[in-house]
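Beneath this line is the structure, given in structure tokens, with notes to follow.
Protein chains in written order, with my numbering: chain A, 134 to 431; chain B, 2 to 692; chain C, 5 to 342.
Below, the structure written as structure tokens:
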């Protein structure tokens, strides 16, 4: 029955791009993704916030850390300060715009580093029976830590800074990625094409990176998209708990925390960064859902 | 209200997947009817629309399928557009369906009894009636220990038992029509024979109508009195079983018959003719006859341009209708002679290419049985292989035949024994690149044999670089193209991903890859068993062609005795890791038969009297050196000697078998049984083999 | 494998995980010995007094020795050197008891006395949230899975997905803005102090709602996936074709099979809640375990951080073991081998 549901074959084309790029391109250009309304809805906040991050200095005339003493008595949104100022008289929009920069660099960077470690560990542990018990146990231990607790312990030990946030995210995320990769390796490595490679006397490294890894691109891409929103939430939590970027640099989570104290009088100080984070994460998650549903059907 | 005699009436039914211009017709203008007490077989390759047709009878179309036109009536009730309560009632009382995989169609977390009672309740039976009916039905499917069965979970039963339960469940409501969708495909050959026998018995003893769907023409012929042949959604021929099996009029029916492997008489072997067109990309829609592109009789004008109608062949046989402009009218002659058969004994040949000496592979006990004994997947197996010859290894699932393939190719290491290749002993692990390129393998599953993330060409070029001395990109590419042509594929397919290829095409690519380094030995592990018969035949032709051209030795692992008879020169029959019978194919098949060989042949020939297993206690461990491995299930068991003393080796012509029974007293293939394919006798009662 | 043996191996592996994890925590937090004595003596202590303390407490010993000594104190096999050295001037405390995580510099109390009451408060909040998460998640997941692809499935899935995308602090702020600032129907602080005029149950509503909103979507998604997989299986198709009603197919045939994987996932939410409460407790000033952990961390109270971390690890690992055992019990194949 599946035969009929499959679309007819596309005409043969010559001179194709390399496999991985082609597969990503296919996943993206797949008509299903472009026909999914969720994908477009999700793209709107993501693209908007990326533009804001890139063009932050052009979008605001204020220094995010400059205090406007005059605004201290009237921090509410006004013609001068569109989104108002915070309790120290700093322009909220300027802080949001520059805060977007740190969120949108730290989150992808920490995820990339998590994937780099996770993929290597996962491939090695799935493929080698020698390494497997050590890596698996270590991942079990790391994944037993509640995420926030792990962050708190790590940041307590190494201190808060943007590079330490990347370290903390990597330590907590890489084991999860490694576990997923290992699962996929175990699923793939008994397939005949791996046996065929072994029969040709291919090395373990070749099999891991050239036979197995290309098969994981699509599921890992879906996982990456899903983790993006989650990571932004967690980085925001760190900021909110006072373990994020040290002040005075703008940090959305930190802005929420500072504003909460003034919730009853000036709710905009914490509401604005809350809405910023929520919209960005919702955007990423909608995109991830759309990509995941397309990948499932493809 | 008038009396309806037919239980199923399908009128000009057309079903399509998808909507609008992207719609693909899965079933086109199919009309058929089944009288009560009649069994109609529906045969066709995968994707021909036969399962979709069955689901439309059940009114359960999924995956975006819709009925475009036509109607389906069960007992005079149109099923399409029925209210859901009426539909449920129809399913509960008039219809029953048996699916392909028995393990999967029982709920794993509910006891058998509960699942059966649920069905009986729907048929509105009183409590006492219900229990009596269940008891009676279970006995009618030959399940003896009903009490135990009812309180079991599905995982506690064997595959054959589960299939019997599913059949019992279908019979419980005494339906008017039973649909069977590939009911035996997932079962082992010997279990298959028993289930088919059971189905045939049920058919003859009840007034139920039956729609039997299968890809296996001889199997269907065994049960059904009429057969319909489907091709690309159309019914291309329908007629009485005798007619279809002996004088099919449609070229496709004839081709299906010609590519079905059969066991021929001594000195002969069936020549399989495949009708696979490997290079062709699947075409969207053909104006004329849908079979025209594969048909050897097709004529340019009418066949390609005008769509043929289903019509009666002549007035004498109004039942035999065919959809062809130029139906064949003469008797089918199945070609039997084959030129390339190696009928000489291996002893007359030069030094062996490969010698396997006392190969043994033990697996730790925990995986299979919990009694601390190692499982002997391979036990003391020795054989020789010669250039240009094919050695087949036959065994059922779990017999250790795949383990043997893995030992020979080096994916697994023997616990004992060794392999000598081209005169030198192979190390237990870490073979040289030279050996790797001289010994290659073709795998069973076309879906897993090629890396789905890489194009066909990438994989093929890598194999060439690894297995030959070619390094320059242009030379490698040229060689890849040559290989694609050698396996009759368009080199343009090298830019495709495996998912875009058909099963047969993938298997051809796998063969091209195996032949990349001009190997002296190729192992084919069930290489054709996952393919449709027509494709299977053409792949076998291809392998044979390559073998004749390059003098390659082939180790052919299979469970199919008919395929082996048509393809191999020598054969080894393996049971629980031990070779019970081996030698030249003809001397094994036609000589005195080891009881196990006898049972397998019996099942493969679809005898009316299947040999049943004596006991079905599958968990009894085999202890090495204590009696015959087959003793526990043997229908010819002499007595305790079989269980305690290892049987002697006996030679009969160019064959060796291990059995306590004297050669003269062993079974043989009777001349009557050799006639294949065998048409069934409609209405005749097939008897239960009495042991 | 024999279930008893299986259980024993599972418990053994849980203990091993616990040991390795506690060692990692110890290494991370106590690696530098001067750091530890500085924390005890305060920022204005002299270098020489820190050295002396390090000497006295054996902080210059090899890491493994110190770790074993620390574990000995925690399980009550050894006396706490900080107490016996007389460093704590305040009321005399026991030096040897089970669960001796040391003395909290921040609260000037033994750590257990700080942690236990906080843990009780958190258990109250987590229980309320857990039932909310489990019920809402299962309900939505089952409905979506049974009617896969329908309008109700798509809209509920979207709601679940959006809810899971809003961080706890954001939903807390938004809920506070609506119910506390705008309508003033709920208290903004949940310090469990009833003198403010708000009852304990009214104080629990917002924190529990925040936890439920953040987590039910995950449970719903898991249940939905499991349910759709089961609904597509051949035995469900067979059950439908037998003529059973859809309701019976869902409730008798599908649910029993579909709830196995989600069961473990739902149990694991208990483990998540232990730390998931940190942010929520901080927003609402809830006197729970999470807030203690954060305050300890911000003020560098290492003994307290260690205690909180280990306790949350114990909870997580216990729920893991419980979900594994539950999985075995739910599986008739496993039960049959018993």
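Yeah, the Cβ is synthetic: ideal placement off N, Cα and C, and Gly gets one too. As the structure is a computational prediction, the values presented were derived from the model and not from experiment.
Only counting the same chain, and skipping five residues up and downstream in sequence, which positions put a Cβ closer than 6 Å to that of residue i?
i, result
"residue 224 (chain A)", "195, 214 and 218"
"residue 123 (chain C)", "293"
"residue 265 (chain C)", "230"
"residue 415 (chain A)", "none"
"residue 441 (chain B)", "515, 520 and 523"
"residue 265 (chain A)", "258"
Is the beta carbon of residue i sitting closer than 8 Å to the one on residue j?
i, j, result
"residue 383 (chain A)", "residue 293 (chain A)", "no"
"residue 328 (chain C)", "residue 110 (chain C)", "no"
"residue 138 (chain B)", "residue 329 (chain A)", "no"
"residue 565 (chain B)", "residue 395 (chain B)", "yes"
"residue 287 (chain C)", "residue 173 (chain C)", "yes"
"residue 667 (chain B)", "residue 594 (chain B)", "yes"
"residue 210 (chain B)", "residue 484 (chain B)", "no"
"residue 655 (chain B)", "residue 585 (chain B)", "yes"
"residue 371 (chain A)", "residue 299 (chain A)", "no"
"residue 661 (chain B)", "residue 648 (chain B)", "yes"
"residue 333 (chain A)", "residue 467 (chain B)", "yes"
Looking only at its own chain, which residues have a Cβ that is under 8 Å from the Cβ of residue i, when we skip the five neighbours before and after it?
i, result
"residue 145 (chain A)", "Reliability of the predicted coordinates at residue 145 (chain A) is poor, the pLDDT of 35 falling under 50, and the value obtained from them is presented with this limitation in mind. Once the five neighbours on either side are set aside, residue 145 (chain A) has no close Cβ partner at all."
"residue 187 (chain B)", "101, 102, 103, 104 and 160"
Near residue i, what residues of its chain come up, given a Cβ to Cβ distance below 7 Å and the 5 sequence neighbours on each side ignored?
i, result
"residue 232 (chain C)", "149 and 152"
"residue 4 (chain C)", "What the structure shows of chain C is the stretch from 5 to 342, and residue 4 (chain C) is not part of that stretch, so it cannot be assessed."
To the nearest angstrom, how far is it from the Cα of residue i to the Cα of residue j?
i, j, result
"residue 130 (chain C)", "residue 276 (chain C)", "10 Å"
"residue 159 (chain C)", "residue 171 (chain A)", "12 Å"
"residue 488 (chain B)", "residue 513 (chain B)", "6 Å"
"residue 132 (chain C)", "residue 263 (chain C)", "22 Å"
"residue 96 (chain B)", "residue 248 (chain C)", "13 Å"
"residue 447 (chain B)", "residue 508 (chain B)", "6 Å"
"residue 152 (chain B)", "residue 173 (chain B)", "18 Å"
"residue 377 (chain B)", "residue 576 (chain B)", "11 Å"
"residue 409 (chain B)", "residue 364 (chain B)", "17 Å"
"residue 284 (chain C)", "residue 336 (chain A)", "51 Å"
Given that a residue counts as buried once 16 or more other Cβ atoms are within 10 Å of its Cβ, and exposed if not, what is residue i?
i, result
"residue 434 (chain B)", "exposed"
"residue 494 (chain B)", "buried"
"residue 20 (chain C)", "exposed"
"residue 164 (chain B)", "buried"
"residue 11 (chain B)", "buried"
"residue 127 (chain B)", "exposed"
"residue 563 (chain B)", "buried"
"residue 355 (chain B)", "buried"
"residue 13 (chain C)", "exposed"
"residue 420 (chain A)", "buried"
"residue 556 (chain B)", "buried"
"residue 216 (chain C)", "buried"
"residue 48 (chain C)", "exposed"
Answer yes or no: does any C-beta atom of chain D fall closer than 8 Å to that of residue i?
i, result
"residue 365 (chain B)", "In the structure shown, chain D does not exist; the protein chains are A, B and C."
Cβ contact check for the region 59–74 of chain B and the region 241–260 of chain B: 3 or more pairs under 8 Å = no
Validate contact between the region 80–96 of chain B and the region 16–25 of chain B using beta carbons, cut 8 Å, 3 pairs = no
key: Three or more C-beta pairs below 8 Å linking the region 314–325 of chain C and the region 23–30 of chain C   = yes
task = Tell me, please, whether the region 302–320 of chain A touches the region 54–64 of chain C by the rule of three or more beta-carbon pairs shorter than 8 Å.
result = no
query = Okay, do the region 239–248 of chain C and the region 174–187 of chain C touch, 3+ Cβ pairs below 8 Å being the bar?
reply = no
query = Can you find at least 3 beta carbon pairs, one from the region 227–237 of chain B and one from the region 44–64 of chain B, that sit closer than 8 Å?
reply = yes
key: the region 203–219 of chain B contacting the region 33–40 of chain B, beta-carbon criterion three pairs below 8 Å   = yes
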